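In our numbering, the protein residues as written are -2 to 400.
What follows is a short report on a single structure.
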């Protein structure tokens, strides 16, 4: 028997679950399909290697849909300061300067997802199918039919692709992407340090690539080390004691003593952008629409802004009696997000390339930029607000306004 839905979201990760929560109590009949069941959280668990720096705008979205308490009740690490430096330039951003209690929050991806899924369960208009996989996708301008692995058939007026960078939905409906590889990998190392919980995140730029520290709760932190693919493979293959020796030699003294390494992972750096976010009856969100250089940790944040913007457009259209699957309606979502995302992607590329360049005029310019950011309060404050997700065209949920 075929089940009819207004919206079917493929992917119940952070962004897909956020789209669903944003559509909670909207009057739209929504289904979420997710293949993997996330492990439940217990306070004594070690931190996951996959973490994100959630912005103030992201917190506003989660708070407004009722999911933020699910993060707070589990585990998160607020940070007040952000330092960026290289040999001749150094600047520190402090939330006190703009009268905010924090700049952002380091949260394990699984915790954000669990908080959203927990909230999602409280909405009568949302059906969660998890664990569940899709056998076939049949797309037409009149809607999409999805055949699930258990034989069930769903019909969706609107199909939302929240299934990641290699999106099967995006490929099935024929939406293309432009992409390139940075030829650099990021090594993520989960460490325990001698320092207690910190309220600062930092990035240092050295000739081989950036180094970053993300604070976690307690004496723990996540290090990110950008290197060539070959060097990352070499480092990842080392015994932990040997890797610890390399970290001590390479990372700055402000990290403090590394007491132990608890986990290591790596991923390639890639930029990818969908040529269009929408077509009749289809919308892309999150990594299905864009993959960004992780340098400033904005990937999840712009994905959550996608979720908030799409929900805003759909709720408004539904209230006016418009067809939510109509291309003209979906183009409103694309106009809200694609240019904003492209600006962020381009800014990250310029930032990445300028700090990867040792040509003297470029070095002088970037050192001048860091110096100006440190000395000129308006410049420093604008950079902080951009990092907090409070600049640009914001969806209502990101401003803390309910739909």
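The C-beta atom is built at its ideal place from N, Cα and C for all residues, glycine as well.
Nothing here was measured: the structure is a model prediction, and the numbers come from that model.
Would you list the residues sitting across from residue i in a DSSP beta bridge?
i           : result
residue 251 : Paired residues: none, contrary to the question.
residue 140 : 137
residue 131 : 145
residue 217 : 189
residue 330 : Its beta-bridge partners do not exist; DSSP assigns none.
residue 102 : 51 and 75
residue 201 : 82 and 208
residue 268 : 177
residue 223 : 183
residue 90  : 79
residue 258 : 188
residue 276 : 279
residue 288 : 269
With burial defined as no fewer than 16 other Cβ atoms inside 10 Å of the residue's Cβ, what is the status of residue i: buried or exposed?
i           : result
residue 135 : exposed
residue 65  : buried
residue 208 : buried
residue 2   : buried
residue 318 : exposed
residue 18  : buried
residue 171 : exposed
residue -1  : exposed
residue 305 : buried
residue 62  : buried
residue 74  : buried
residue 37  : exposed
residue 55  : buried
residue 234 : exposed
residue 284 : buried
Just the C-alpha distance for residue i and residue j, rounded to the nearest angstrom, thanks.
i           : j           : result
residue 320 : residue 58  : 25 angstroms
residue 76  : residue 212 : 8 angstroms
residue 46  : residue 35  : 14 angstroms
residue 132 : residue 89  : 50 angstroms
residue 244 : residue 229 : 13 angstroms
residue 69  : residue 397 : 17 angstroms
residue 118 : residue 166 : 24 angstroms
residue 5   : residue 168 : 16 angstroms
residue 25  : residue 115 : 19 angstroms
residue 10  : residue 254 : 35 angstroms
residue 272 : residue 323 : 19 angstroms
residue 387 : residue 246 : 37 angstroms
residue 216 : residue 307 : 39 angstroms
residue 71  : residue 40  : 7 angstroms
residue 270 : residue 389 : 19 angstroms
residue 239 : residue 289 : 32 angstroms
residue 44  : residue 296 : 20 angstroms
residue 51  : residue 148 : 38 angstroms
residue 99  : residue 379 : 15 angstroms
residue 193 : residue 383 : 29 angstroms
residue 385 : residue 232 : 33 angstroms
residue 42  : residue 104 : 14 angstroms
residue 197 : residue 313 : 40 angstroms
residue 21  : residue 12  : 14 angstroms
residue 189 : residue 249 : 16 angstroms
residue 91  : residue 344 : 21 angstroms
residue 316 : residue 177 : 40 angstroms
Please state whether DSSP places residue i in a helix, a strand or coil.
i           : result
residue 208 : strand
residue 30  : strand
residue 240 : helix
residue 95  : helix
residue 121 : coil
residue 43  : coil
residue 83  : strand
residue 365 : Confidence is the limiting factor: at residue 365 the pLDDT is only 45, short of 50, which leaves the residue's position unreliable and the question unanswerable from this model.
residue 62  : coil
residue 2   : strand
residue 70  : coil
residue 386 : coil
residue 340 : helix
residue 282 : coil
residue 235 : coil
residue 158 : strand
residue 20  : coil
residue 263 : strand
residue 356 : With a pLDDT of only 44 at residue 356, under the threshold of 50, the placement of this residue in the model should not be trusted; the figure read from the coordinates follows. Residue 356 falls in the coil class under three-state DSSP.
residue 322 : coil
residue 153 : strand
residue 400 : coil
residue 25  : coil
Can we say the stretch 337 to 344 touches the stretch 276 to 285, given the rule of at least three CB pairs closer than 8 angstroms?
no
Three or more C-beta pairs under 8 angstroms: does that hold for the stretch 112 to 125 against the stretch 22 to 36?
yes
Would you call the stretch 257 to 268 and the stretch 321 to 333 touching, i.e. three or more CB-CB distances under 8 angstroms?
no
With a cut-off of 8 angstroms, do at least 3 Cβ pairs link the stretch 182 to 190 to the stretch 215 to 226?
yes
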